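Numbering (my numbering), first residue to last: 9 to 205.
Even glycine gets a Cβ: it sits at the ideal position worked out from N, Cα and C.
As the structure is a computational prediction, the values presented were derived from the model and not from experiment.
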Amino acid sequence: MSKSNRSILLNNDIDYESVEKIINDIIEINSDDDLKEDQWFESMDSTILHNEIIYHREPIKLYINSYGGDVYSGLALVNIIKNSKTPIYTIAIGACMSAALQIWLAGHKRFVSKNSTLLFHDISSGGCTCKTEDIRQNLKECERLREIFIGEIIEKSTKVTREMLDEVIKSRTDWYIPADEAIELGLANHYYTREDQ
Numbered sequence: 009m010s011k012s013n014r015s016i017l018l019n020n021d022i023d024y025e026s027v028e029k030i031i032n033d034i035i036e037i038n039s040d041d042d043l044k045e046d047q048w049f050e051s052m053d054s055t056i057l058h059n060e061i062i063y064h065r066e067p068i069k070l071y072i073n074s075y076g077g078d079v080y081s082g083l084a085l086v087n088i089i090k091n092s093k094t095p096i097y098t099i100a101i102g103a104c105m106s107a108a109l110q111i112w113l114a115g116h117k118r119f120v121s122k123n124s125t126l127l128f129h130d131i132s133s134g135g136c137t138c139k140t141e142d143i144r145q146n147l148k149e150c151e152r153l154r155e156i157f158i159g160e161i162i163e164k165s166t167k168v169t170r171e172m173l174d175e176v177i178k179s180r181t182d183w184y185i186p187a188d189e190a191i192e193l194g195l196a197n198h199y200y201t202r203e204d205q
C-alpha cells in the first residue's frame with residue numbers, strides 16, 4: 009500500500025492471506041483518519057462547528073485484478089469495506105470475477121477500466137464429504153451465500169433483476185460482463201481514467 013495516495017492492490021486469488029493485509033491497511037487508514045478528524049475538530053472554532061462542516065476523508069483506492077477465490081475471505085473484506093468511514097473506491101483493472109466481483113461491488117464508488125471484465129456465477133462448494141446430512145447443510149449454506157451475492161448485485165444496480173441472475177444460475181453458465189455493460193447496467197459508477205489516479 010502507498011499511504012501517500014492510499015492505493016491498495018488486490019492481484020491474487022481471494023483467500024485468508026490475500027485479504028488479511030488489505031483489511032489491516034483499511035483499518036489503519038481509518039484509525040489515522042479518525043485521529044486527524046478529532047484533531048481537526050478540536051482546532052475548529054465552536055461557532056463554525058454549528059454550521060455542520062464535515063471533515064473530508066481522502067478515499068482509499070482498491071485496485072482489483074482477481075479471478076476470485078474463497079467466498080468467506082471475500083465476505084470478510086466486503087464487511088470491512090462497507091463499514092469503512094473512509095470512502096473506498098473499488099477499481100476493476102482486469103479480471104474481477106466471482107468473489108472478487110463481490111468485493112468490487114462493496115465499494116462506495118465502483119470504477120471499471122475499459123478492458124476489464126466482471127464475472128458472475130453461482131456459488132460452488134468443494135466441502136462435501138458425501139454424507140447425506142453434510143450435503144443438506146452444504147446446500148443450505150451455498151443458498152445462503154448465493155442470496156447475499158444476489159442481494160449485493162441487485163442493490164447496486166437499477167437494471168439487473170433477480171430474474172436475470174436466476175437465469176444465469178439455472179443455465180449453469182458464467183455471466184461475463186464487459187466494462188461497457190457494467191456501466192450500462194449501473195453496476196459501475198464510472199470508467200476509470202487517468203484523471204482518477
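One question on the structure: do residue i and residue j come within less than 9 Å of each other, judged by their Cβ atoms?
i: I34; j: I96; result: yes
i: H129; j: W183; result: yes
i: D46; j: T94; result: no
i: H116; j: S92; result: yes
Note down, in chain order, each residue of its chain lying with its Cβ closer than 7 Å to the Cβ of residue i, except the 5 sequence neighbours on either side.
i: V86; result: Q110, I111, A114
i: E66; result: R14
i: E160; result: Q110, L113
Pop quiz: residue i and residue j are said to be a contact at Cβ under 8 Å. What is the actual Cβ separation, rounded to whole angstroms?
i: S106; j: Y71; result: About 17 Å; that fails the 8 Å criterion.
i: G82; j: D21; result: Not a contact, Cβ separation roughly 10 Å.
i: S121; j: I101; result: 5 Å
i: L18; j: I30; result: 6 Å
i: I88; j: I68; result: 11 Å between Cβ atoms; not a contact.
Counting only the same chain and skipping the five closest in sequence on each side, list residues whose C-beta sits under 8 Å from that of residue i.
i: A103; result: N73, S74, Y75, S124, T125, L127
i: S10; result: The predicted model places S10 with a pLDDT of 48, which falls under 50 and marks its position as unreliable, so this point remains unresolved.
Which class does residue i belong to by DSSP, given the choice of helix, strand or coil?
i: G77; result: strand
i: A190; result: helix
i: R65; result: coil
i: R14; result: coil
i: L127; result: strand
i: K93; result: coil
i: K44; result: helix
i: A100; result: strand
i: V176; result: helix
i: Y200; result: coil
i: V168; result: coil
i: L113; result: helix
i: L83; result: helix
i: S26; result: helix
i: L70; result: strand
Taking 6 Å as the limit between beta carbons, can you name the residues of its chain near residue i, skipping five residues before and five after?
i: Y200; result: I99, F119, S121
i: I185; result: L126
i: V79; result: A107, L153
i: S26; result: N20
i: I177; result: D130
i: N197; result: K117, R118
i: A187; result: V120, K122, S124
What does the Cβ neighbour count give for residue i, buried or exposed, with the cut at 16 atoms within 10 Å?
i: V168; result: buried
i: L147; result: exposed
i: S179; result: exposed
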